[in-house]
Amino acid sequence: MKTWHNIVKYAAIALAVLLIIGVISGIMHMVYRFVPGSASSVTDEYKTYVIKNEMGVLEIDIHAANLEVRTATDSNITVESNYKDLTVKENNSTLLIKDKKAFNFNAMGKIMIKLYIPENKFWNKVDIRTGAGKTDVENLQARFINMKFGAGKAILQNMSASDSASIETGAGQLTIKNSSFCNLDLNMGVGQFEFSGTLTGRNELKMGVGSSHINLTGSLNDYRLKIEKGIGDIYVDNEKVKNDAQLGQGDTDIFFEGGVGSVKIDFSE
Numbered sequence: 345m346k347t348w349h350n351i352v353k354y355a356a357i358a359l360a361v362l363l364i365i366g367v368i369s370g371i372m373h374m375v376y377r378f379v380p381g382s383a384s385s386v387t388d389e390y391k392t393y394v395i396k397n398e399m400g401v402l403e404i405d406i407h408a409a410n411l412e413v414r415t416a417t418d419s420n421i422t423v424e425s426n427y428k429d430l431t432v433k434e435n436n437s438t439l440l441i442k443d444k445k446a447f448n449f450n451a452m453g454k455i456m457i458k459l460y461i462p463e464n465k466f467w468n469k470v471d472i473r474t475g476a477g478k479t480d481v482e483n484l485q486a487r488f489i490n491m492k493f494g495a496g497k498a499i500l501q502n503m504s505a506s507d508s509a510s511i512e513t514g515a516g517q518l519t520i521k522n523s524s525f526c527n528l529d530l531n532m533g534v535g536q537f538e539f540s541g542t543l544t545g546r547n548e549l550k551m552g553v554g555s556s557h558i559n560l561t562g563s564l565n566d567y568r569l570k571i572e573k574g575i576g577d578i579y580v581d582n583e584k585v586k587n588d589a590q591l592g593q594g595d596t597d598i599f600f601e602g603g604v605g606s607v608k609i610d611f612s613e
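Numbering-wise (our numbering), the sequence shown opens with residue 345 and increments by one.
Next comes the structure, spelled out in structure tokens:
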């Protein structure tokens, strides 16, 4: 009964997401093709915003753009973008990067937002929300991290959250490399998931539709896994596991809920 319930649940999720993406993509294509000036939000030159004050909170809220976060070559936080409807402002110790428009679309994938952060910069809180577009983030450290992705590929490298992290995806591949999270709450939508790094504290990983490969730093003895299967085989340390399996006696708790797709969890010392 539970298996059938999961089939219906995840099939409905996949169908709903695909329908939404299809409708939105069709509308965007028609607007871009037939409405004059629909691509006017993109400029030929990049505008640069230099933040010289000390910032403790980062908030990014964009609807349809490609986002890159990189390490700066100097001590300033810098934003570069060819999107003329972007707002970049300081509010006390909070850096706000947001759309001026309530709705826009990334015509031909040309809208770019690049954020450069000084090396070893540590944020109190990071909140990133994206719509449609590619997200590529490197070397971002904070106490609290909250990320919500819409449609598109997301790559996170060398990330660190010392207190807690929440990551939610809509449709698209999510890849997390060489990262460390405490108390991670992950909710996958439709798309492949890859993770390599360390988890500490109490973590919940809920898969959607798509295969998953998780490589945890350490050994099984460092973790305490509770696994609830969905539709698809789950392998832990190359051993196929059954539903409601509990493995390991370590200090880090991981509750894993499978969706639709195969899962591989392994370890590297």
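For every residue, glycine included, the Cβ atom is placed at its ideal position computed from N, Cα and C.
Computed from a predicted model, the values in this text were never measured in an experiment.
Judged by pairs of C-beta atoms under 8 Å, the stretch 570-582 does not touch the stretch 519-535, as fewer than three such pairs exist. Between the alpha carbons of Thr-415 and Asn-531 lies a distance of about 27 Å. About 20 Å separates the Cβ atoms of Ser-425 and Val-401, ruling out a contact at the 8 Å cut-off. Under DSSP, Thr-519 takes part in a beta bridge, and its partners are Ile-499 and Glu-538. The C-beta distance from Gly-475 to Ile-406 rounds to 7 Å, short enough to meet the 8 Å contact threshold.
For Val-604, no beta strand (DSSP E) encloses it, and the DSSP letter there is neither H nor E. A straight line joining the alpha-carbon of Val-604 with that of Asn-397 spans about 46 Å. In the three-state scheme derived from DSSP, where H, G and I count as helix and E and B as strand, Asp-588 is classed as coil.
If you check the CB distance, Ala-409 and Tyr-390 do not come in under 8 Å. For the pair Lys-584 and Phe-537, the Cα-to-Cα distance works out to about 19 Å. Straight-line measurement puts the Cα of Gly-494 at about 15 Å from the Cα of Lys-442.
Looking at the DSSP output, Asp-429 bridges to nothing. When the five nearest sequence neighbours on each side are left out, the beta carbons in the same chain lying within less than 6 Å of the beta carbon of Ala-589 are those of Ile-571, in order along the chain. When beta bridges are read from the DSSP output, Asn-490 appears opposite Asp-471 and Ser-510.
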